[in-house]
Amino acid sequence: MASESESSVSSDENDEIDWLGPLGAEEDDCGLYEDLVDIVNNNEVPEEKTPAPVVFVDIDENSVNLAPAAERLLKKFQPVKSYFLSMASPPAILQKFFQDEFAEAYLGFLVNVGSTMQITIRKLQSDKVLILELHETMMLLRRSLQTKLDQEFYGAIARNIIVRSDDNDKIVQFKRQANAFLERTEERTISYLEK
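For the sequence shown, position 114 (counting from the first letter as 1) is numbered 114 according to the UniProt record's numbering, and the numbering increases by one without interruption.
Take a look at the structure:
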């Protein structure tokens with residue numbers, strides 16, 4: 001009979017990481033468990049069920065897929081955070097992420113921007129979209145991103161965390177990173193429009 005320490009050792013190559021413990025697949029009603037296991041085991045964001053249309057060949061698919069995964073993580077943020085921080089030796093990147101007081105703000109920001117992107121994607125994937133509407137739809141996306149940037153609107157979750165935080169350095173860092181993300185996304189939109 002194997003000792004307790006021997007049974008806890010597993011082969012990295014053959015075993016799927018089951019690190020959500022009590023939040024495992026049998027209790028996961030929104031796909032969070034499967035997405036996180038895929039991300040950790042395969043080091044990539046799971047793909048959406050529907051393929052990206054030809055219009056989006058230049059858009060990084062991981063960026064598009066990230067918003068739904070971030071939204072699912074936000075729904076169970078506190079239990080997942082507690083689980084990882086209670087582990088004896090959690091993966092370093094996850095430990096660093098969950099120890100950051102702005103972790104939830106980053107996820108909220110991704111959901112905020114991602115929802116804007118998803119609205120655009122749904123319009124462009126519609127069977128009823130006309131070629132003349134493509135430019136207008138992309139311009140609406142560009143204006144929405146520019147408005148978020150101009151007004152420093154990162155979503156309600158991020159705003160609440162910024163208001164509660166006393167750490168000005170962390171606030172400045174968060175805003176700088178969020179603004180850089182918005183600028184890059186807007187540049188990609190402009191680049192697409194100019195083609």
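All C-beta atoms in this analysis are idealised placements derived from N, C-alpha and C, irrespective of residue type, glycine included.
Predicted model only: the values in this text are computed from it and were never measured.
Is it the case that the Cβ atoms of residue i and residue j are separated by a distance below 8 Å?
i	j	result
Ile161	Ala69	no
Phe174	Phe102	yes
Leu182	Lys148	yes
Thr116	Leu124	no
Tyr154	Ala178	yes
Is the Cβ of residue i closer than 8 Å to any Cβ of chain D?
i	result
His135	Of the protein chains in the structure, only one exists, and it is not chain D.
Is residue i buried or exposed, if buried means 16 or more other CB atoms sit within 10 Å of its CB?
i	result
Asn112	buried
Met139	exposed
Met87	exposed
Leu130	exposed
Ile121	buried
Val141	A small correction: the amino acid at residue 141 is Leu; Val does not occupy that position in the sequence shown. Answer is buried; the Cβ neighbour count reaches 16.
residue 196	Residue numbering for the chain in the displayed model covers 1 to 195; residue 196 lies beyond these limits and cannot be assessed.
Ala158	buried
Arg72	buried
Which of helix, strand or coil does DSSP assign to residue i?
i	result
Val57	Residue placement at Val57 cannot be trusted, given a pLDDT of 40 that sits under 50; the coordinates are not used to answer.
Gly24	Confidence is the limiting factor: at Gly24 the pLDDT is only 37, short of 50, which leaves the residue's position unreliable and the question unanswerable from this model.
Ser144	helix
Ser191	helix
Gln100	Here residue 100 is Asp; the residue named in the question, Gln, does not match the sequence. Residue state, collapsed to three classes: coil.
Pro68	helix
The alpha helix (DSSP H) spanning residue i covers which residue range?
i	result
Glu104	Ala103 to Gln125
Leu130	Run containing Leu130: none; DSSP gives neither H nor E here.
Ser165	Taken as a continuous stretch (DSSP letters only), Ser165 belongs to no alpha helix (DSSP H), as it is neither H nor E.
Ser86	Phe77 to Ser86
Val153	It should be noted that the sequence gives Phe, not Val, for residue 153. Note, Phe153: premise wrong, no alpha helix (DSSP H); not H, not E.
For residue i and residue j, which I take to be in contact (beta-carbon distance under 8 Å), what is that distance rounded to the nearest angstrom?
i	j	result
Leu110	Leu66	6 Å
Gly108	Leu74	7 Å
Phe98	Lys81	5 Å
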